[in-house]
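Position one of the sequence shown corresponds to residue 20 (my numbering), numbered consecutively onward.
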Amino acid sequence: MAADIQNLGGFVWSIAEILRGDFKQSEYGKVILPFVVLRRLDCILELTKTYVLDTAESLPDGVDEATRDMMLFGAVGGNVRVYNLSRFTFDTLRGQDPRQLHDNLVDYITNFSGNVRDIFLDKFLFTDQLKRLKDGGILWNVFERFAEIDLHPDTISNLEMGYLFEELIRRFSEISNETAGEHFTPREVIRLIVELLIANDDEKLTGRGIIRQVYDPACGTGGMLALTEEALKDFNDAIRVELYGQELNGESFGICKSDMLVTGHDPEQIAFGNTLTQDAHAGKRFHYMLSNPPYGVDWKKYQDPIKSEAENLGMEGRFGAGTPRISDGQLLFLQHMISKMRDDEIGSRIGIVMNGSPLFTGGAGSGESEIRRWMLENDWVEAIIALPTDLFYNTGIQTYVWLLTNRKPAKRQGKVQLIDASGERFWKSMRKSLGSKRREITEEARAEIVRIYAGFLNGESGEGEVSRIFDTADFGYREIRVERPLKLNFQVSAERLARLADQKPYARQDEADRAAIEAALLTIGDQLFINRDTFEKALTKALKSTDLKIGAPVKKAIMTALSERDDEADICTDKNGKPEPDTDLRDHELVPLAEDWRDYMKREVLPFVPDAWVDQSHTDARDKQVGRVGYEINFNRYFYQYVPPRPLEEIDAELKALEAEIAGLLKEVAA
20 MAADIQNLGG FVWSIAEILR GDFKQSEYGK VILPFVVLRR LDCILELTKT
70 YVLDTAESLP DGVDEATRDM MLFGAVGGNV RVYNLSRFTF DTLRGQDPRQ
120 LHDNLVDYIT NFSGNVRDIF LDKFLFTDQL KRLKDGGILW NVFERFAEID
170 LHPDTISNLE MGYLFEELIR RFSEISNETA GEHFTPREVI RLIVELLIAN
220 DDEKLTGRGI IRQVYDPACG TGGMLALTEE ALKDFNDAIR VELYGQELNG
270 ESFGICKSDM LVTGHDPEQI AFGNTLTQDA HAGKRFHYML SNPPYGVDWK
320 KYQDPIKSEA ENLGMEGRFG AGTPRISDGQ LLFLQHMISK MRDDEIGSRI
370 GIVMNGSPLF TGGAGSGESE IRRWMLENDW VEAIIALPTD LFYNTGIQTY
420 VWLLTNRKPA KRQGKVQLID ASGERFWKSM RKSLGSKRRE ITEEARAEIV
470 RIYAGFLNGE SGEGEVSRIF DTADFGYREI RVERPLKLNF QVSAERLARL
520 ADQKPYARQD EADRAAIEAA LLTIGDQLFI NRDTFEKALT KALKSTDLKI
570 GAPVKKAIMT ALSERDDEAD ICTDKNGKPE PDTDLRDHEL VPLAEDWRDY
620 MKREVLPFVP DAWVDQSHTD ARDKQVGRVG YEINFNRYFY QYVPPRPLEE
670 IDAELKALEA EIAGLLKEVA A
């Protein structure tokens, strides 16, 4: 099937050659993709065309729109929720005067049912493209090539149409430097996520009368929704699957909604717009949720409504746990999905693909850390799977599948399973790269990952350990602030006096006053003071010899300029006699959440710096205990395997061989 789709994609792509010169390469998709959708709909509606027109003619005058649509959808038959009342089809258009093609095509498009007409007019802006094709004198050539393509459902299934759209989008994205990954996710990755989501749901999905609602908040062309339905139907063909989604990109939305129309789903359940700022499915809850949100895309331009919701609604809204840094909105999508978990016996399951940033970005108290803390302390995170690199069309970076649920089985409660499926046993190289996609997960590897997950295996080995089970608290830590005492010496030397000019409070004094101050300082002599209090007394006495009123800022500037850190000096103390911290020596230690910070200090810090202490005012805002709580999930820490370097003798021999080869080549050139 893949080869057939690539061949068909190649033929459709060849039509783009006609556009060369009249359209920029970045604009090819704005013509080709709507034409593919139009041809697909034409093929679907062809057999019932006459019956639909007769039915429309027989409807009584004044019939309301809802009744009209219901009758005409019924005339089309099956689960298709689209009709066309134009007298034209692609076949009859070919028999018309080519000079009338533009007007005839506009008539054809505007006579679709409203749900499709809006897609072509408002999302694809297709009439604008038709006019450009007409003005360029190439409309007939493009139309005729599309009329040659057989996209009837008996020839090309809905699933194959999804592959065709992906192939075309990938090609258009490559030539226009757009981000193909914003439109779709590789099918083997989607299949993996779906199989992981339903791996342990056998009993829940068995029987008749079962309804499952599936949601994707960034649905693109609808690939995740379509494959989830396919998997559920394969498991139990009696299941009723309802698909919901939202998409910001107009073309992707148009393709997805068109697909819903021709496969019998309610097209109104696919919404257009920004999920994070305008939740089109507010109040809805879903059984399964899947998504591949954009990686590393900032949300600055629509931050106001998100921050307002977080601040004003708190945990009653979607973003009460925290907001991530403005440069990456992945965790916003995940929080949005969590807000749509069902609070019933079945609950919900979430599968989301993200890059490594949500695992560890942000220290204790940051938005990212607080979101991780919220998820882990609520025990929603079930498993995280590291995928191979070079899987996606637009990026070669490492990605991770997060699995979450609010109905963990007993054996998984309080636990998180990490699976490292990035090794060679889980992927194979593709014979031909597709953009940045150079690898794919084979069916065997996919089955192995699902087996490891479903079996809740701990320490699964083969070519190294790839699965480990952790307590949720294992990812938590307390960030304690470790202080060391400030130790300074003081001296009135030429070098240190020269530093006075860099102190702003001192520099603001007039020249005569500065001269008087420096003369007074010289009376102290060049003695090295190792006690701050002693030097301060000597300084106060010296400054009294002038007639100037020396304010505290100037005096502090003098103390700063004439001081240097000295481990042999006495500790500087505050007015209560307590050691002052040296901010330059301040450090932060990450103490495992399950360990007492005092024990950690005794073992890890005090043996090396006995004068260190913990700033106990540095506390967590929520539990009021010493140290700020943070959460991070560092895959490398848990799965890193040391690979010793090659022996020096082997490297040396290789270098000598290369030198000999280069010398031989140089001799050939000289000859």
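Where is the CB? At the ideal position from N, CA and C, for every residue including glycine.
- Glu167 and Gln232 have their alpha carbons spaced roughly 38 Å apart.
- For Ile345, same chain residues with a beta-carbon under 7 Å away, outside a window of 5 residues either side, are Asp317, Trp318, Lys319 and Gln322 in chain order.
- Inter-segment contact for the region 574–593 and the region 510–525 is present: three or more beta-carbon pairs are separated by less than 8 Å.
- The shortest C-alpha to C-alpha distance from Asp603 to any of Asp585, Ala250 and Tyr307 is the one to Asp585.
- Setting aside the 5 residues that flank it on each side, Asp169 is surrounded in the same chain by Cys62 and Ile175, each with a C-beta closer than 8 Å to its C-beta; the list follows chain order.
- Distance from the CA atom of Ile403 to the CA atom of Phe54, rounded to whole angstroms, is 40 Å.
- Counting only residues of its own chain and dropping the five nearest sequence neighbours on each side, Leu78 has a CB closer than 7 Å to the CB of Arg87 and Met90.
- Shortest Cα-Cα distance from His284 to any of Val511, Ser367 and Arg100 involves Arg100.
- Residue pairing for Gln232: DSSP places it in a beta bridge opposite Glu261.
- For Gln25, the CB contacts under 7 Å within the same chain, skipping 5 residues up- and downstream, are Glu186 in chain order.
- Residue ranges of uninterrupted alpha helix (DSSP H) with 4 or more members, entirely inside the region 540–628 and ordered along the chain, are 551–563, 571–580 and 616–619.
- In terms of Cα proximity to Asn425, the closest of Trp446, Thr418, Gln265 and Glu401 is Glu401.
- Beta-bridge partners of Asn374 (DSSP): Thr418.
- Asp235 is classed as buried because its beta carbon has at least 16 other beta carbons within 10 Å across all chains shown.
- Here Pro666 carries a coil assignment [DSSP, helix/strand/coil].
- Of all alpha-carbon atoms in Leu677, Leu38, Glu328 and Ile371, the one lying nearest the alpha-carbon of Phe352 is that of Ile371.
- When DSSP states are grouped into helix, strand and coil, Gln297 belongs to the coil group.
- Short of 8 Å from the beta carbon of Asp642, and not among the five residues preceding or following it, lie these beta carbons of its own chain, in chain order: Val648.
- Bounds of the alpha helix (DSSP H) holding Ala75 are Lys68 to Ser77.
- Relative to Ser564, the option among Gln546, Leu72, Asp532 and Thr414 whose CA is nearest is Asp532.
- For the 8 Å CB-CB criterion, Tyr307 and Met373 do not form a contact.
- Remark: C-beta atoms of Val485 and Ala429 do not approach each other more closely than 8 Å.
- The distance from the Cβ of Thr461 to that of Lys447 is about 6 Å, consistent with a contact at the 8 Å cut-off.
- Per DSSP, the unbroken alpha helix (DSSP H) holding Asp137 starts and ends at Gly133 to Asp137.
- Secondary structure in the region 381–431: the alpha helix (DSSP H) runs of 4 residues or longer, each lying completely within the stretch, are 386–396 in chain order.
- Straight across, the Cα-Cα distance linking Val628 with Val662 is about 33 Å.
- By a beta-carbon distance limit of 8 Å, Ala250 does not contact Ile229. Their separation comes to about 14 Å.
- Unbroken beta strand (DSSP E) runs of no fewer than 3 residues, entirely contained in the region 300–371, are found at 307–310, following chain order.
- Per DSSP, the unbroken beta strand (DSSP E) holding Arg497 starts and ends at Gly495 to Glu502.
- Per DSSP, reduced to three states, the secondary structure at Trp446 is coil, with no helix or strand assignment.
- About 4 Å separates the CB atoms of Glu328 and Gly336; that is less than 8 Å, so the two are in contact.
- Listed in chain order, the non-local C-beta contacts of Ile369 below 6 Å within the same chain comprise Met308, Met356 and Leu423, local neighbours out to five positions each way being set aside.
- With contacts defined by Cβ atoms closer than 8 Å, Leu406 and Pro205 do not form a contacting pair.
- In the structure shown, Arg39 adopts extended strand secondary structure according to DSSP, grouped into three states.
- The continuous beta strand (DSSP E) containing Ser486 extends over residues Ser486 to Asp490.
- Collapsing the DSSP output to three states places Asp439 in a strand.
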